[in-house]
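A quick write-up on the structure given underneath.
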Amino acid sequence: MILSLAVGFSLVIMDLSDWDGFNVPSRFEKVTVDLSDQFGTDVLLFRKELNVPSTVEFFIQSNDDSAKNVKIVCESEILGFSSNEIGYTVTKLTGNSCIASTLSMNKGGYSVYLTSEKAEGKLVIGHQEKAADPSEFERLYKIHNGDLNNPPEGYEKIYSTSLAGKSRKDEVIYTLSLDTARNIGLSVYTSAKQGTVSVDFIGEYSNFTGLVHPQYGRICDQLEATLAPGEYRMKLTCENADGQLYVFIKK
Numbered sequence: 087m088i089l090s091l092a093v094g095f096s097l098v099i100m101d102l103s104d105w106d107g108f109n110v111p112s113r114f115e116k117v118t119v120d121l122s123d124q125f126g127t128d129v130l131l132f133r134k135e136l137n138v139p140s141t142v143e144f145f146i147q148s149n150d151d152s153a154k155n156v157k158i159v160c161e162s163e164i165l166g167f168s169s170n171e172i173g174y175t176v177t178k179l180t181g182n183s184c185i186a187s188t189l190s191m192n193k194g195g196y197s198v199y200l201t202s203e204k205a206e207g208k209l210v211i212g213h214q215e216k217a218a219d220p221s222e223f224e225r226l227y228k229i230h231n232g233d234l235n236n237p238p239e240g241y242e243k244i245y246s247t248s249l250a251g252k253s254r255k256d257e258v259i260y261t262l263s264l265d266t267a268r269n270i271g272l273s274v275y276t277s278a279k280q281g282t283v284s285v286d287f288i289g290e291y292s293n294f295t296g297l298v299h300p301q302y303g304r305i306c307d308q309l310e311a312t313l314a315p316g317e318y319r320m321k322l323t324c325e326n327a328d329g330q331l332y333v334f335i336k337k
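Residues 87 to 337 in this note's numbering are what the sequence shown lists, from first letter to last.
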């Protein structure tokens with residue numbers, strides 16, 4: 087079983103149904119777009135006001151094969167990102183396939199735009215907004231602004247470094263050996279805004295790759311998983327990066 091609370095973009099292939107068609111979970115508010123009627127460049131689909139800092143979850147599907155761009159523009163900041171805009175390329179995603187993304191946004195609101203050619207199919211966007219816990223948002227906001235030594239409760243630091251001047255390729259920065267199955271948690275933060283930074287957690291049966299990225303997700307917070315017995319290695323790849331990197335674990 088895997089439970090992930092990551093701040094940032096995630097592309098997930100989810101086992102949601104046994105039939106072909108849209109299957110947006112009931113917790114989402116759903117927006118259905120007829121691609122034969124709504125098409126063009128940066129067509130505004132909807133806007134939501136956020137009166138308080140919020141966690142915003144998206145669920146996107148389409149039954150049309152053509153490439154469509156869905157752009158989310160936040161009026162304030164998206165924590166862990168270098169920009170307040172995020173774009174997803176959507177092709178045919180139905181049945182058990184979707185784009186799922188969870189973003190942590192400051193108050194102010196966001197808008198969703200579509201760039202698409204005229205087509206016969208549909209695009210469905212599920213969205214859900216939840217007020218963020220004030221103390222948790224404050225912690226993540228500090229990380230977003232470069233104060234990386236702010237792990238969740240119960241997590242201990244296993245690695246930290248300045249990335250400036252480092253050139254590494256799959257350098258092992260931490261090794262975890264398990265004799266029995268165990269629940270663990272990982273939190274990885276970087277303040278890098280340029281160059282290449284990638285942290286991978288590699289094992290015989292479970293792999294988590296690209297946990298952080300300078301532009302598209304500098305915060306991976308509380309990635310939790312049940313790991314089988316075996317040896318797991320945390321690997322760092324970096325080149326021409328700035329800032330720092332912190333890694334925390336909960337055993």
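Glycine included, every Cβ here is placed at the ideal spot set by N, Cα and C.
Everything numeric in this text was worked out from a predicted model, so none of it was measured.
Give a yes or no on whether the C-beta atoms belonging to residue i and residue j are separated by under 9 Å.
i      : j      : result
Met191 : Ile259 : no
Leu272 : Gln308 : yes
Asn149 : Gly212 : no
Gln330 : Gly232 : yes
Ser136 : Lys228 : According to the sequence provided, residue 136 is Leu. The question's Ser does not apply to it. No, Cβ-Cβ distance for Leu136 and Lys228 is not below 9 Å.
Leu234 : Ser277 : yes
Glu115 : Gln214 : yes
Who are the near neighbours of residue i in its chain, counting only those whose CB is closer than 6 Å to its CB and skipping five residues on each side?
i      : result
Val333 : Ile244, Tyr245, Val274
Pro262 : Strictly speaking, residue 262 in this sequence is Leu, with Pro absent from that position. Excluding sequence neighbours, Leu262 sits near Tyr318.
Leu89  : Any reading at Leu89 must be qualified, since the residue scores a pLDDT of 40, below 50, and its modelled position is unreliable; no value is offered.
Pro237 : Ser273, Phe334
Taking 8 Å as the limit between beta carbons, can you name the residues of its chain near residue i, skipping five residues before and five after?
i      : result
Arg268 : Thr312, Leu313, Lys337
Arg133 : Gly195, Tyr196, Ser197, Val198
Measuring CA to CA, which of the options is closest to residue i?
i      : options                        : result
Phe294 : Pro300, Gln280, Ile270, Asp328 : Ile270
Tyr174 : Leu200, Val156, Ser221         : Val156
Asp128 : Asp233, Lys193, Glu171         : Glu171
Tyr241 : Glu203, Asp151, Ile335         : Ile335
Gly166 : Leu179, Cys324, Gly303         : Gly303
Lys208 : Gly316, Thr118, His299, Glu325 : Thr118
Ser122 : Ser152, Leu136, Glu115         : Ser152
Ser162 : Ser140, Pro315, Val210         : Ser140
Ser248 : Gln124, Ala217, Cys324, Gly316 : Cys324
List the whole-angstrom C-beta distance separating residue i from residue j, where the pair is believed to meet the contact cut-off of C-beta under 8 Å.
i      : j      : result
Phe144 : Ala186 : 7 Å
Ala205 : Gln280 : Wrong, their Cβ atoms sit about 38 Å apart, outside the cutoff.
How is the beta strand (DSSP E) around residue i delimited, first residue to last?
i      : result
Tyr338 : Any answer about residue 338 is impossible in this case: the structure gives the chain only from 87 up to 337.
His213 : 208 to 217
Lys243 : 242 to 248
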